[in-house]
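Structure record follows, encoded as structure tokens.
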Amino acid sequence: MKKAVFLALLLACATTASAPARVQSVTLKVAFNKQLKAKIIVAANGMTLYAGRATCGKDCARFWNPLAATGRLTAGPGAKASLLATRKRADGLAQVTYAGHALYSFTRDRKPGDVRGAGFQAGWFALSPGGKRVAPPPPPKASPAGRADVRVAFSGVVSRNILVDAKGMTLYLFTADTAGKSSCIKECITSWPPLTTAQKPSAGPGVSASLLGTIKRDDGRLQITYAGHPLYTYSGGAGFAGDRQPGDARGQGFGAIWWVVSPSGKPIVTK
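Take the position in the sequence shown, starting the count at 1, then add 1; the result is the number in our numbering.
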């Protein structure tokens with residue numbers, strides 16, 4: 002188990018920085034985003050652009066690519082040319098700014114319309130055509146089924162319905178678990194607390210009650226399972242921010258061995 006946890010940390014730490022989007026000319030435009038229910042500034046290819054930290058160094062740039070240009074800046078449909086400018090970074094790049102906000106793309110966005118970085122760690126936001134920060138997506142609404150142990154909620158991170166706990170926090174499975182037995186023990190549960198219960202687990206709307214079950218952990222607690230997979234939340238660890246509120250899914254794909262769970266009980270694997 003220690004080897005599995007070490008491998009997860011090693012893989013996560015080994016992520017290399019992506020090259021900044023350095024092009025000769027840049028065109029920004031406006032697009033309506035369904036998740037944010039607002040018009041936002043995007044790149045010419047439709048990918049969301051974000052405002053964030055005033056200084057985003059080497060480690061930060063592993064996930065947030067500065068939008069840099071060496072030539073002409075153009076305001077496309079809906080964007081305001083008067084708000085476009087550049088700012089010289091410490092690394093020498095001329096980073097594009099909008100209304101004074103340095104612009105970045107988020108490496109976890111995969112297609113136009115994705116806003117997986119919106120509200121990330123309460124410090125990254127999409128921008129309105131006027132240059133104002135756009136509020137992040139609201140957290141999933143609580144299930145009307147009272148305090149159901151396992152519920153279904155839409156995740157903006159994977160753009161699909163996933164399993165969440167009674168508080169709306171994202172649930173994960175661990176691919177190292179086999180035959181319905183948890184391999185996450187000792188130090189592992191500090192970052193990945195098991196979802197436990199003192200009685201028969203209850204299912205909210207969208208959850209198959211027939212797939213719910215329990216296993217007895219080594220410490221005697223009953224851990225809830227779904228389709229045979231023990232379920233966990235993610236609290237993070239040294240150098241890794243955990244899930245803080247409903248809608249967070251920062252553990253998704255961690256070490257390529259932790260995944261969010263679909264209502265069918267299968268892992269939702271993303272790149």
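Quick reminder that beta carbons are idealized off the backbone N, C-alpha and C, glycines included.
Cβ-Cβ distances below 7 Å link F33 to K40 in the same chain, with the five nearest sequence neighbours on each side left out; the list follows chain order. Here P137 is buried, its C-beta having at least 16 other C-beta atoms within 10 Å.
Unbroken alpha helix (DSSP H) stretches of 4 residues or longer found wholly inside the region 66–98: none. Bridge partners of P195 according to DSSP: Y233.
Residue range 213–217 is occupied by the beta strand (DSSP E) that includes G214. For T108, the CB contacts under 8 Å within the same chain, skipping 5 residues up- and downstream, are S19, R63, F64, W65, N66 in chain order.
The continuous beta strand (DSSP E) containing A44 extends over residues 39–44. The straight-line gap separating the alpha-carbon atoms of T197 and T49 is approximately 38 Å.
In terms of Cβ geometry, A69 and L84 do not form a close pair [threshold 8 Å].
For S26, the closest alpha carbon among the candidates I190, G72, T191 is that of G72.
With fewer than 16 other Cβ atoms inside 10 Å of its own Cβ, Q200 counts as exposed.
When secondary structure is reduced to three states using DSSP, A100 falls in the coil class, being assigned neither helix nor strand.
Beta-bridge pairing by DSSP links V27 to L74. Beta-bridge partners of P268 (DSSP): V262. The alpha carbon of S129 has as its nearest neighbour, out of D150, D110, R152, L104, the alpha carbon of L104.
Distance check between D92 and each of Q253, G58, P78, G114 places G58 closest, using alpha-carbon atoms only. The beta carbons of V151 and I225 sit about 7 Å from each other, so the pair counts as a contact at 8 Å. In the DSSP assignment, Q224 forms a beta bridge with T197, I216.
Taking C-beta atoms under 8 Å as the contact rule, P194 and S236 qualify, at a distance of about 6 Å.
Across the structure, V43 and V31 are spaced so that their CA atoms are roughly 6 Å apart. Distance between H230 and P202, taken at the CA atoms: about 14 Å.
Taking a cut-off of 8 Å for Cβ pairs, the region 258–265 and the region 163–174 touch, as three or more such pairs fall below it. Note on geometry: alpha-carbon atoms of P268 and K89 lie some 43 Å from one another. Contact check for F121 against V135 fails: the beta carbons are separated by 8 Å or more. Counting along the chain, no beta strand (DSSP E) covers L172, and no H or E run does either.
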